[in-house]
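In terms of my numbering, the sequence shown opens at residue 22 and continues consecutively.
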Amino acid sequence: MAKFKVFITRRIPQEGIDLLETVADVEINPEDAPLPRPLLLEKAAECDAMIGVLTDRINGEFFDAAKNLKGYANYAVGYDNIDVNEATRRQIPVSNTPGVLTTATAECAWALLFSVARRVVETDHIMRSDKWTGWGPLQFIGGDIKGKTLGIVGAGRIGTEMALMSRGFDMPVLYTSSSGRTNGALEAELNAELVSFEELLKRSDFISLHAPLTPTTKHMFDESAFSLMKKTAYLINTARGPVINEADLVQALQSGEIAGAGLDVYENEPAMAPGLAELDNVVILPHIGSATKSSRTNMATMAARNIIAMLKGETPETCLNP
Ligand code: DGY
């Protein structure tokens with residue numbers, strides 16, 4: 022009997038590929054780069070199922086090309102690259118990888134928070150360029166962390182984990198909720214307070230962004246949001262770049278409207294807004310939130326299990342279709 026054909030748009034950890042090979046012939050984009058659109062559409066036409074990444078646009082045009090597609094698995098928890106309604110209309114299951122990268126991404130948000138508040142990257146550069154002249158009482162003063170107010174925008178899995186990790190630092194926690202529902206874990210464990218976006222902006226010393234990218238959250242952080250933040254506050258983003266208007270952020274960082282930012286994601290990856298990389302009060306990472314061995318491996322095996330279920334006509338473990 023002919024085996025199913027599965028195409029993977031970027032090389033993923035071998036554990037996921039091994040699992041898929043038990044049921045399918047697997048082809049992988051050999052380049053360590055996003056698949057050009059015409060090639061993605063060509064491969065979509067040839068395969069029974071596909072694993073793709075956040076740079077692949079899975080929309081009506083893709084589904085038009087994908088005549089035999091029995092399912093698509095995103096190698097990411099975020100799925101703003103997929104038109105889920107279009108998939109559902111065509112009865113094609115689509116999935117993501119929630120849960121397995123929660124800790125890694127929250128840890129990355131903390132790494133950014135510490136780095137920007139304590140000027141870790143800026144001062145590392147000074148050491149490496151041999152510009153340090155010796156200890157001084159007024160040198161490189163950063164922001165305090167313990168006891169400061171942490172604002173979580175989007176208290177889902179990762180936002181909740183980020184907040185729970187603040188326990189050792191006695192930080193009052195504020196959070197927003199798009200559904201208006203309270204977060205039991207945060208309220209019970211941290212006495213966290215559900216507040217409006219505006220109140221969170223005004224009261225937080227650190228704001229960590231964990232909301233998905235949707236038409237509502239796009240450019241949620243713009244000039245008017247920055248103007249409500251404390252001048253001493255820091256913004257951390259490990260979610261999706263377009264939730265921040267990056268040009269407005271550069272302006273806010275240049276003018277001192279906010280103290281600093283720690284970013285893992287950008288509006289037009291891999292590009293950054295002009296001026297961002299020249300600023301000392303920003304720490305910039307290349308979208309590595311989930312980049313730990315266990316997270317990336319578990320993402321691969323989860324995506325593979327989802328594809329196997331789809332090929333069997335079963336509902337995948339982490340199905341996105343309603
Ligand atoms: C995700 O999973 O959405 C991250 O951005 C990449 O792992």
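Yeah, the Cβ is synthetic: ideal placement off N, Cα and C, and Gly gets one too.
Beta-bridge partners of A282, as assigned by DSSP: Under DSSP, the beta-bridge partners assigned to A282 are L256, V303.
Distance between A125 and S316 (C-alpha atoms, nearest Å): Cα-Cα distance, rounded: 7 Å.
S315 Cβ short of 7 Å to the ligand DGY heavy atom set: For the ligand DGY, not one heavy atom lies less than 7 Å from the Cβ of S315.
Buried versus exposed, by CB contacts within 10 Å (16 or more), G283: In summary, G283 is buried, with 16 or more beta-carbon neighbours lying within 10 Å of its beta-carbon over all protein chains present.
Inter-residue Cα distance where the pair is L222 and L249: When rounded, the distance between both Cα atoms is 6 Å.
Unbroken alpha helix (DSSP H) run spanning L341, endpoints: Here L341 belongs to no alpha helix (DSSP H), and DSSP marks it neither H nor E.
contact_flag[the stretch 226-233, the stretch 177-185] where n(CB pairs < 8 Å) is 3 or more: Yes: the two stretches touch, three or more of their Cβ pairs being nearer than 8 Å.
Distance between A45 and L60 (C-alpha atoms, nearest Å): Cα to Cα, the separation comes out at about 21 Å.
Heavy atom of the ligand DGY within 7 Å of A45 beta-carbon: No, the Cβ of A45 stays beyond 7 Å of every heavy atom of the ligand DGY.
Residue from E335, K64, L41 with nearest C-alpha to P51: Nearest C-alpha to P51 among E335, K64, L41: K64.
Inter-residue Cα distance where the pair is W131 and S225: Within the model, the alpha-carbon separation for W131 versus S225 is close to 15 Å.
Cβ shell of N89 (< 6 Å), same chain only, five flanking positions each side left out: These residues qualify, in order along the chain: D69.
Short Cβ contact (8 Å threshold) for I302 with L341: The residue asked about is misnamed: residue 302 is Asn in this sequence, not Ile. In this structure, N302 lies away from L341, with their beta-carbon atoms at least 8 Å apart.
Beta-carbon gap between T322 and L40 smaller than 8 Å: Between T322 and L40, the C-beta gap is smaller than 8 Å, which places the two residues in contact.
Touch test, the stretch 106-121 against the stretch 139-150, Cβ-Cβ under 8 Å, three pairs minimum: Proximity of the stretch 106-121 to the stretch 139-150 falls short of the contact definition, fewer than three beta-carbon pairs being nearer than 8 Å.
For review: beta carbons within less than 6 Å of any heavy atom in the ligand ATP: Within the structure as shown, the ligand ATP is missing, the only ligands being the ligand DGY.
A324 beta carbon less than 8 Å from that of T118: Yes, Cβ-Cβ distance for T118 and A324 is below 8 Å.
Own chain partners of V47 with C-beta closer than 7 Å, once the 5 adjacent residues on each side are dropped: Within the same chain, V47 has close Cβ partners V27, I29, I38, L41.
Nearest-angstrom beta carbon gap, A246 and V286 [assumed within contact, 8 Å]: Actually they are not in contact, since the Cβ atoms of V286 and A246 sit about 17 Å apart, beyond 8 Å.
Paired residues, beta bridge with S229 - DSSP: BP columns for S229 point to I173, I257.
In DSSP terms, what F28 is bridged to: Looking at the DSSP assignment, F28 forms a beta bridge with E48, M71.
Neighbourhood of M71 by C-beta distance below 6 Å, restricted to the same chain and skipping five residues each side: So the qualifying residues of the chain are F28, Y93.
Under the three-state DSSP convention, the category V194 falls into: Here V194 carries a strand assignment [DSSP, helix/strand/coil].
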